[in-house]
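K.L.:
In terms of full-length UniProt numbering, the sequence shown opens at residue 1 and continues consecutively.
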Amino acid sequence: MYEGKIIKFYREKYKLTQEQLGKDICSVTHISKIECAQTTYAHDIITLLSKRLGINMESEVEKLKNIKQRLFNWNEAIIMQLFDEMDQINNELEHEELIQISEYNNMYQLLRARYLLMQNNFDEAFKLIKKIQKTENKLTPYDTNLLKHILGIYYISTHDYVTAIQILKEIQNEFYHNPEYYYYLAMAYHTLELPVLAYYYAEKSHQFFENMNNYLRVIDAEMIMIIQIKDGNDYDDIINRFKKLIKSCEICNAPDRKAKVLHNLAYEYLRRKNYEQASLYYKESMSLKENESPYYLLSLEGYIRSSFEGGLIPNEELIQYAQKGLTIAINTNQLLYIHLFKLFLYLLKSKEKEYHQYLSNKALPMFIKCGYTYLIQRSKKELFNYYYKMKLTDEALEMAQLLINPEKLLPQ
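(1) Taking Glu76 as the reference, which of Asp24, Phe209, Tyr200, Glu276 has the closest Cα?
(2) Use the C-beta contact count for His190: other C-beta atoms within 10 angstroms, 16 or more gives buried, fewer gives exposed.
(3) Check whether the Cβ atoms of Ile78 and Met86 lie closer than 8 Å to each other.
(4) From Ser205 to Ile150, what distance separates their C-alpha atoms?
(5) Counting contacts by CB-CB distance shorter than 8 Å, is Ile226 in contact with chain D?
(6) Taking all protein chains shown into account, do 16 or more other C-beta atoms lie within 10 angstroms of the C-beta of Tyr161, making it buried, or fewer, making it exposed?
(7) Quick check: the stretch 352-367 against the stretch 168-180, are there 3 or more CB pairs under 8 Å?
(8) Between which two residues does the alpha helix (DSSP H) harbouring Gly4 extend?
(9) Please state whether the Cβ-Cβ distance between Ala202 and Ala221 is less than 8 Å.
(10) Starting from Glu62, trace the alpha helix (DSSP H) in both directions and tell me its first and last residue.
(11) May I have the straight-line CA-CA distance separating Asn385 from Met399, to the nearest angstrom?
(12) Where does Lys351 fall in DSSP's three states?
(13) Among the residues of its own chain, which have a CB less than 7 Å from the CB of Ile46, if the five just before and after it don't count?
(14) Quick one: is Gln228 buried, meaning 16 or more other Cβ sit within 10 Å of its Cβ, or exposed?
(15) Compare the beta carbon distance of Ala188 and Ile165 with 8 Å and say whether it is the shorter of the two.
(16) Taking one C-beta from the stretch 105-114 and one from the stretch 134-149 each time, how about it: are there three or more such pairs within less than 8 Å?
(17) Look up Leu288 in the DSSP assignment and say whether it is helix, strand or coil.
(18) Between which two residues does the alpha helix (DSSP H) carrying Ala266 extend?
(19) Roughly how many angstroms lie between the CA atoms of Leu336 and Ile330, to the nearest whole one?
(20) Sorted by chain position, which residues of the same chain lie with C-beta nearer than 6 Å to Tyr269's C-beta, five sequence neighbours on each side aside?
(21) Spatial neighbours of Ile6 within its chain, please: C-beta separation below 6 Å, excluding the five flanking residues on both sides.
(22) So Leu343 packs on Leu326, CB below 8 Å; how close in whole Å?
(23) Helix or strand or just coil, what does DSSP make of Phe308?
(24) For the alpha helix (DSSP H) containing Phe175, list its first residue and its last residue.
(25) Relative to the C-alpha of Asn264, which candidate in Leu348, Lys230, Gly22 has its C-alpha closest?
(26) Find the nearest neighbour of Asn73 within the set Lys349, Leu21, Lys63, Asn90, judged by alpha-carbon distance.
What follows is the structure in structure tokens.
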């Protein structure tokens with residue numbers, strides 16, 4: 001079985017006809033039947049054909065048999081976010097020619113797309129996904145569900161959370177034993193501000209990661225669970241859970257995750273108007289992030305906001321921070337943060353009219369297009385208060401209507 005596929009692969013690679021390959025060894029008909037696995041054949045024949053092709057058949061068969069296990073190892077490394085192992089297996093598989101004739105080639109292409117998503121190479125990942133979708137009817141049940149998992153991750157990366165949820169919820173667990181996709185469902189529901197569903201799926205993913213002894217991903221799931229807990233719960237308990245997560249990050253030597261936990265702790269303090277603590281933790285989070293990353297800009301925005309609302313830093317200094325953020329956002333083409341820092345500069349320079357014009361005409365349409373639910377609601381409230389204050393009755397009524405009956409992004 002394996003020998004015939006391997007002989008055909010190398011024959012075509014070296015541009016040999018069946019007649020050329022079989023000369024003085026066996027007939028064209030016999031070569032054809034060997035390649036199609038339609039006949040039995042002598043070991044000596046395979047040895048002679050292998051010698052002519054310049055391959056070691058035993059070694060090639062072993063490589064072809066091992067592809068499945070290497071792919072499952074790669075998938076596990078991706079799930080556990082073991083980046084060194086993930087990169088190593090990717091490099092090995094990129095140079096493994098026999099994947100082209102493996103029955104697991106579709107799985108390889110799917111995992112390759114997921115790997116590209118983890119490298120933030122969204123365009124190349126989507127090209128590969130579209131190519132795979134053309135042969136979707138030929139995929140195994142496992143690969144069909146793996147495709148849905150990867151599509152869900154892609155749509156989350158492009159801020160289309162509604163589509164991500166619709167696709168992820170189509171996954172059939174009887175064919176696909178990888179509950180990691182629950183984590184992405186939790187992320188999508190969280191972004192759409194549906195905390196009950198976000199908590200539910202985060203808890204399911206938390207159990208999966210715990211069973212795998214994957215403590216870094218446990219931290220990820222736990223963080224989503226904590227930030228769903230709103231007012232009416234024990235404030236001290238929430239803060240303590242955040243601080244335990246920070247210690248877990250330190251034990252696991254995970255500064256990137258520590259930075260995220262610090263950011264979310266800062267937001268919890270900001271939400272409760274404890275501006276001094278919020279400012280402190282935003283600044284600590286920024287110190288663990290690369291200056292030109294969107295994650296740094298996110299915490300910088302929080303630092304400026306908490307410092308401004310708490311009156312902790314003079315406006316002149318905050319303007320410098322906002323200008324720094326805007327410069328980084330422009331240089332790295334981060335449209336969301338270009339809008340946020342431009343808004344801050346209007347606010348800090350007391351340009352109230354320009355602030356609200358920019359918010360209405362530029363920023364809010366972008367927030368709506370990308371599905372930034374929290375920013376959409378915050379912007380609508382700000383615009384309603386401004387229109388009411390300025391006695392712009394029609395505009396205020398329109399904004400009030402949107403606040404009372406917000407667009408239902410997803411049925412609960």
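Glycine included, C-beta positions come from ideal geometry on N, C-alpha and C.
P.N.:
Taking the geometry as given:
(1) Phe209
(2) Per the 10 Å Cβ criterion, buried.
(3) yes
(4) If you draw a straight line from the Cα of Ser205 to the Cα of Ile150, it is about 16 Å long.
(5) Given the protein chain composition of this structure (a single chain), no chain D is represented.
(6) buried
(7) Note that the stretch 352-367 does not touch the stretch 168-180; fewer than 3 beta-carbon pairs, one per stretch, sit closer than 8 Å.
(8) In the DSSP annotation of this structure, the continuous segment of the alpha helix (DSSP H) that includes Gly4 starts and ends at 2-13.
(9) Cβ atoms of Ala202 and Ala221: closer than 8 Å.
(10) 57-80
(11) Taking the straight line from one Cα to the other gives about 9 Å.
(12) coil
(13) Result list for Ile46: Glu3, Met57, in chain order.
(14) By the neighbour-count rule (16 or more Cβ atoms within 10 Å), Gln228 is buried.
(15) yes
(16) yes
(17) Correct three-state label for Leu288: coil.
(18) 255-271
(19) Those two C-alpha atoms are separated by around 10 Å.
(20) Gln277, Ala278
(21) Answer for Ile6: Glu60, listed in chain order.
(22) Between Leu326 and Leu343 the Cβ distance is about 10 Å, and since that is not below 8 Å, they are no contact.
(23) helix
(24) Premise fails: Phe175 is in no alpha helix (DSSP H) and is neither H nor E.
(25) Lys230
(26) It is Asn90.
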